[in-house]
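Colleague: The sequence shown begins at 1 in UniProt numbering and counts up one residue at a time.
Beta carbons are placed, not taken as given, at the ideal position from N, Cα and C, and that holds for glycine.
First, the structure itself, so that you have it in front of you.
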Amino acid sequence: MSNTSFREHFRTDQLVFQARASSNLKLVVVIGIYLRENNKLIRLRTPLDLCIQRAVWPIFNPDTFRTSGLHFKQRRAGMHFHYAYIIEALAALAPRFIKWPDALEKEEIKSDFKERHGYPGVVGAIDGVLFPIQTPLEQPARFQDRHHHYSMLAQAVCNHKLLYRDFYVGEVGGIGDSRNFDRSALSVNLLTSPHLLSAEEHILGDGAYTLTSKMLTPYRNGQMTVRQRAHNFLHSAQQLEPE
Numbered sequence: 001m002s003n004t005s006f007r008e009h010f011r012t013d014q015l016v017f018q019a020r021a022s023s024n025l026k027l028v029v030v031i032g033i034y035l036r037e038n039n040k041l042i043r044l045r046t047p048l049d050l051c052i053q054r055a056v057w058p059i060f061n062p063d064t065f066r067t068s069g070l071h072f073k074q075r076r077a078g079m080h081f082h083y084a085y086i087i088e089a090l091a092a093l094a095p096r097f098i099k100w101p102d103a104l105e106k107e108e109i110k111s112d113f114k115e116r117h118g119y120p121g122v123v124g125a126i127d128g129v130l131f132p133i134q135t136p137l138e139q140p141a142r143f144q145d146r147h148h149h150y151s152m153l154a155q156a157v158c159n160h161k162l163l164y165r166d167f168y169v170g171e172v173g174g175i176g177d178s179r180n181f182d183r184s185a186l187s188v189n190l191l192t193s194p195h196l197l198s199a200e201e202h203i204l205g206d207g208a209y210t211l212t213s214k215m216l217t218p219y220r221n222g223q224m225t226v227r228q229r230a231h232n233f234l235h236s237a238q239q240l241e242p243e
């Protein structure tokens, strides 16, 4: 499989999965060290890099465990076992990688956003992500999103490289992005922790969010001035797709 095709299926380069790579940042190395240090390493006939591929395939592709197994010549039970085994490790490792940028990283992010579109002070872009679910047995109406589908709602802040720097999940799909943000720890931390964003720094959100000194949103449609339309143009150019 070419690296281009690999990225389409796994959203990353093949090097990330190669155990022979020397960098300790390689996914297979990081997961392997975690499993060994926490006495969770199971002796399997399948190489760990292949276990990881089997685990993340259903996440990035609209397949069931049964149809995913066809790609790897693996039964459904085996696919589910690898999925649960690896996802548990990834969940434990998430805080190591999904974290707010430090001062040096923020300067890099702001510089990239400004060089590309001339929008200063941008540390990240925020948006909601809907995850479809089966019809809940209890209070299904609460889970119905704006598309009339049943879903869970997550919130992601990503940087200029589309890397997640903050992630919040657990709310029902029917509450909307603004209320989801209000319930997240990030909304509180931005008000109580000045080191996260200085007076000249902010994150960008779409019109679903409330305008604040820390969250910049576009002007509402209407009789906008030339300057306001220019702002909306630059704002939309900065918006990224966390999905």
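DSSP has P132 in a bridge; who is on the other side?
Modeller: Counted from its first residue, the sequence shown places residue 132 at position 132. The partner list for P132 (beta bridge, DSSP) reads S151.
Colleague: Assuming D177 contacts G128 (C-beta within less than 8 Å), just tell me the rounded distance between them.
Modeller: Translated into positions along the sequence shown, residue 177 becomes position 177. Translated into positions along the sequence shown, residue 128 becomes position 128. Sure, about 4 Å apart at Cβ, within 8 Å.
Colleague: Taking the alpha-carbon positions, what's the P136 to Y150 distance?
Modeller: Position 136 of the sequence shown holds residue 136. Position 150 of the sequence shown holds residue 150. In a straight line, the C-alpha of P136 is about 8 Å away from that of Y150.
Colleague: Identify which residue in R183, G174 and V157 has its Cα closest to the Cα of D145.
Modeller: Your numbering for residue 145 matches position 145 in the sequence shown. Cα-wise, what sits closest to D145 is G174.
Colleague: What three-state label does DSSP hand I126 in the structure shown?
Modeller: The residue given as residue 126 occupies position 126 in the sequence shown. In the structure shown, I126 sits in a strand (DSSP, three-state: E or B).
Colleague: Residues in the same chain with beta-carbon distance under 6 Å from A208, minus the five sequence neighbours each way, listed in chain order, please.
Modeller: For the purposes of this step, residue 208 is taken as residue 208 along the sequence shown, with counting starting at 1. Contacts found: D177 and S178.
Colleague: Report the rounded CA-to-CA distance for R75 versus V56, giving the unit in angstroms.
Modeller: Residue 75 sits at position 75 when you count from the first residue of the sequence shown. Residue 56 sits at position 56 when you count from the first residue of the sequence shown. C-alpha separation (whole angstroms): 16 Å.
Colleague: Where does L204 sit, in a helix, a strand or coil, going by DSSP?
Modeller: For the purposes of this step, residue 204 is taken as residue 204 along the sequence shown, with counting starting at 1. It is a strand residue.
Colleague: Could you give the distance in angstroms between the alpha-carbon of A21 and the alpha-carbon of I33?
Modeller: Within the sequence shown, numbered from 1, the residue matching residue 21 stands at position 21. Within the sequence shown, numbered from 1, the residue matching residue 33 stands at position 33. Bear in mind that the predicted position of A21 carries a pLDDT of just 49, short of 50, making it unreliable; the figure below should be weighed with that in mind. Near 14 Å, if we compare the C-alpha coordinates of I33 and A21.
Colleague: Quick check: the Cα distance between A89 and R96, rounded to an integer number of angstroms?
Modeller: Working through the sequence shown from its first residue, we reach residue 89 at position 89. Working through the sequence shown from its first residue, we reach residue 96 at position 96. Distance between the alpha carbons of A89 and R96: 12 Å.
Colleague: Do H160 and D102 have their beta-carbon atoms positioned less than 8 Å apart in this structure?
Modeller: Residue numbering aside, residue 102 sits at position 102 when the sequence shown is read from its first letter. Residue numbering aside, residue 160 sits at position 160 when the sequence shown is read from its first letter. No, the Cβ-Cβ distance between D102 and H160 is not below 8 Å.
Colleague: Which residue wins for smallest C-alpha separation from Q155, given the options G124, P62 and T192?
Modeller: As a first step, residue 155 is located in the sequence shown; it is residue number 155 there, counting from the start. Looking at the Cα atoms, G124 is the closest of the given residues.
Colleague: Just to confirm, is the Cβ distance from H202 to G118 under 8 Å?
Modeller: Within the sequence shown, numbered from 1, the residue matching residue 202 stands at position 202. Within the sequence shown, numbered from 1, the residue matching residue 118 stands at position 118. For H202 and G118, no; Cβs fall outside 8 Å.
Colleague: Where does the unbroken beta strand (DSSP E) through G69 begin, and where does it stop?
Modeller: Translated into positions along the sequence shown, residue 69 becomes position 69. Looking at the DSSP string, G69 is not in any beta strand (DSSP E); the run it does join, the alpha helix (DSSP H), is F65 to F72.
Colleague: Under the DSSP definition of a beta bridge, which residues are partnered with A156?
Modeller: Here residue 156 corresponds to residue number 156 of the sequence shown, with the count starting at 1. Paired residues: D127 and F167.
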